[in-house]
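Residue numbering for the sequence shown follows our numbering, beginning at 3 and increasing consecutively. A short write-up of the structure that comes next.
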Amino acid sequence: MPNKYFTFNYKDCVTFIDEQKQTESQNKLANAYDLLVTKQGKGNDFLGWMDWPVDMDIFLPQRIKEEADRLASISEVVVVIGIGGSYLGARAVIEMLSPYFPESKLPHENHPQILFAGHNLSEDYLFDLLKVLDQKEYSLIVISKSGTTTEPAIAFRILKNHCEKKYGKEDSVSRIVAITDENRGALREMAGKEGFATFTIPDDIGGRYSVLTPVGLLPIAIAGFDIERMIFGAKIMREELLSTKTFGENMAMQYALFRYLLYNKGKTVELMVAYEPKLFYFIEWFKQLFGESEGKEGMGIFPAGAIFTTDLHSLGQYIQEGERMLFETVLSLKQNQHFVEIPTNDKNLDKLNYLSHRSIQNINHMAEQGTRMAHVTGKAPNLQIDILRIDEETTGALIYFFEFSCALGGYLLGVNPFDQPGVETYKNNMFKLLGKE
Ligand code: PA5
Numbered sequence: 003m004p005n006k007y008f009t010f011n012y013k014d015c016v017t018f019i020d021e022q023k024q025t026e027s028q029n030k031l032a033n034a035y036d037l038l039v040t041k042q043g044k045g046n047d048f049l050g051w052m053d054w055p056v057d058m059d060i061f062l063p064q065r066i067k068e069e070a071d072r073l074a075s076i077s078e079v080v081v082v083i084g085i086g087g088s089y090l091g092a093r094a095v096i097e098m099l100s101p102y103f104p105e106s107k108l109p110h111e112n113h114p115q116i117l118f119a120g121h122n123l124s125e126d127y128l129f130d131l132l133k134v135l136d137q138k139e140y141s142l143i144v145i146s147k148s149g150t151t152t153e154p155a156i157a158f159r160i161l162k163n164h165c166e167k168k169y170g171k172e173d174s175v176s177r178i179v180a181i182t183d184e185n186r187g188a189l190r191e192m193a194g195k196e197g198f199a200t201f202t203i204p205d206d207i208g209g210r211y212s213v214l215t216p217v218g219l220l221p222i223a224i225a226g227f228d229i230e231r232m233i234f235g236a237k238i239m240r241e242e243l244l245s246t247k248t249f250g251e252n253m254a255m256q257y258a259l260f261r262y263l264l265y266n267k268g269k270t271v272e273l274m275v276a277y278e279p280k281l282f283y284f285i286e287w288f289k290q291l292f293g294e295s296e297g298k299e300g301m302g303i304f305p306a307g308a309i310f311t312t313d314l315h316s317l318g319q320y321i322q323e324g325e326r327m328l329f330e331t332v333l334s335l336k337q338n339q340h341f342v343e344i345p346t347n348d349k350n351l352d353k354l355n356y357l358s359h360r361s362i363q364n365i366n367h368m369a370e371q372g373t374r375m376a377h378v379t380g381k382a383p384n385l386q387i388d389i390l391r392i393d394e395e396t397t398g399a400l401i402y403f404f405e406f407s408c409a410l411g412g413y414l415l416g417v418n419p420f421d422q423p424g425v426e427t428y429k430n431n432m433f434k435l436l437g438k439e
């Protein structure tokens, strides 16, 4: 049975790919699917995310919620320290589910504010954050699978120091939670010695596939969202994608195949587009997931992102008439949560009365349709994900869908979608320059 969260549509793409190629590649796709579900492919020691929604300890969500409630009861602000996969998933989901302005939250929506650190090396960012923390009651969640990543380690040292000065050494311990590997890494050792509460990142789940583990779930629960509904959405999507290898019934197979075929036609950039700005960080998460998973061995689609209509006034010209190397995947939201109507005006000086009584959502949808027609005519193929509404279940389902599609995409290219050897190069240079032994 198809899920109730979203559908995938490739009709604005088929004309760009001849039918024979589609049929030929379906065998390759079936092989990639088999490699994934039988766990025989490259990097198969990192497939824990695939069964995680049904395999996780049944008491884990409750434990996470209890820890979230405890931190919420002592904090106005919770700082989540992490980078890459230890940061983007939580931020994506929290931004997606939250109202745009903290001031527009209803009283029951008031939960600690989640701030992020350790995802850059900006001195001013940390300085400003410390100024905020001077004035607020706060706690820290430090997340690092390896437990040794430089950016979060530096931020944690600074923030822990601030926390100890503000609350005293003993009290500060109850304000710090570490999420890391079960046994390895400096963070695990430190957590053990200092007595921080901890959660474990499973060994067989890599950073960018970890948002449904405590890495994402703890910050998301503190922000007031229902993590069990998220896990439920992921479960439904897992069932759907694992239950059938029939191309016409498996959205992840369709998405992976069309991306692959477009790539082979020279469409080397995928522009993930949303017409709802709160999806900005979800697109950032997508960029990291696909960029680190596919971009290796001289191959891979370059994942890019845009928010329309905002970016139609910056990137629109290029997309319509620039180099023809991109395709778009549109996250198309069908239903907003709220309704804002355009008022009528007697004088009509702005000549907008033709839009009177229409909702902004309706106008946004027209912009979306018009843009799609223009871009497809301009030879930028469009894939589309029609999302009914944004809520916890949909978010969980979308995360699982993209993870599964990404793994399939890696196997179609013949690369290991679960490693990131290229990230080491900059680190080694930086360590040399910094004089690390
Ligand atoms: O997806 C990945 O594995 C990476 O993006 C990591 O999440 C990122 O480098 C942070 O690593 P760690 O959690 O070990 O600090």
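C-beta: ideal position from N, C-alpha, C; glycine also.
Per the DSSP secondary-structure output, Thr200 pairs in a beta bridge with Ala180.
When secondary structure is reduced to three states using DSSP, Asp388 falls in the strand class.
Less than 8 Å separates the beta-carbon of Thr202 from that of Glu184. The nearest non-hydrogen atom of ligand 1 is 7 Å or more from the C-beta of Gly250. Where Ala225 is concerned, there is no enclosing alpha helix (DSSP H), because DSSP gives it neither an H nor an E. Note: Pro279 is not bridge-paired with any residue in the DSSP secondary-structure output.
Residue environment for Lys147: buried (at least 16 other C-beta atoms within 10 angstroms of its C-beta). Under a 10 Å Cβ-count criterion, Tyr356 is classified as exposed, with fewer than 16 other Cβ atoms of the shown protein chains found around its own Cβ. Per DSSP, reduced to three states, the secondary structure at Tyr102 is coil, with no helix or strand assignment.
Taking C-beta atoms as the reference points, Leu410 and Ala254 count as a pair closer than 8 Å. Of the heavy atoms belonging to ligand 1, at least one sits nearer than 7 Å to the Cβ of Gly84. Counting along the chain, Glu21 sits inside the alpha helix (DSSP H) bounded by residues 21–39. Between the segment 41–53 and the segment 404–420 there are three or more C-beta pairs closer than 8 Å, enough to call the two in contact. Exclusion of Pro419 from the 7 Å shell around ligand 1 follows from its C-beta lying no nearer than that to any non-hydrogen atom of the ligand. For Cys15, same chain residues with a beta-carbon under 6 Å away, outside a window of 5 residues either side, are Phe260, Pro383, Leu385 in chain order. Going by DSSP, Ala409 is part of the alpha helix (DSSP H) stretching over 394–415. Taken through DSSP and simplified to helix, strand or coil, Val342 comes out as coil. Boundaries of the beta strand (DSSP E) around Gly307: 304–309. As DSSP reads the structure, Leu335 sits in a beta bridge with Ile389.
For Tyr265, the secondary structure class from DSSP, reduced to helix, strand or coil, is helix. Residues of the same chain with a CB within less than 8 Å of the CB of Gly424, apart from the 5 flanking positions on each side, are Gly297, Lys298 in chain order. Apart from the 5 residues on each side of it in sequence, Thr397 sits with its Cβ closer than 7 Å to the Cβ of Val95, Met98, Leu99, Met232, Gly235 in its chain, given in chain order.
The distance from the Cβ of Tyr7 to that of Ile389 is about 7 Å, consistent with a contact at the 8 Å cut-off.
Judged by DSSP in its simplified three-state form, Thr373 adopts helix.
Counting only unbroken stretches of 4 or more residues, the alpha helix (DSSP H) elements lying wholly within the segment 42–80 are 50–57, 62–76, in sequence order. Ile85 sits in coil when the DSSP states are folded into three classes, being neither helix nor strand.
In the displayed model, Glu330 falls within a strand according to three-state DSSP. Taking 8 Å as the cut-off, the Cβ atoms of Ile178 and Leu142 count as close. Judged by pairs of C-beta atoms under 8 Å, the segment 300–319 does not touch the segment 115–123, as fewer than three such pairs exist. Distances taken from the Cβ of Lys147 to the heavy atoms of ligand 1 include one shorter than 7 Å. Contact annotation: Gly84 and Ile145 have beta-carbon atoms nearer than 8 Å.
Counting C-beta atoms within 10 angstroms of its own C-beta, Gly91 has 16 or more neighbours from the protein chains shown and is therefore classed as buried. Counting only the Cα atoms, Val378 lies some 14 Å from Ala369.
Gln22 and Ser316 have their alpha carbons spaced roughly 37 Å apart.
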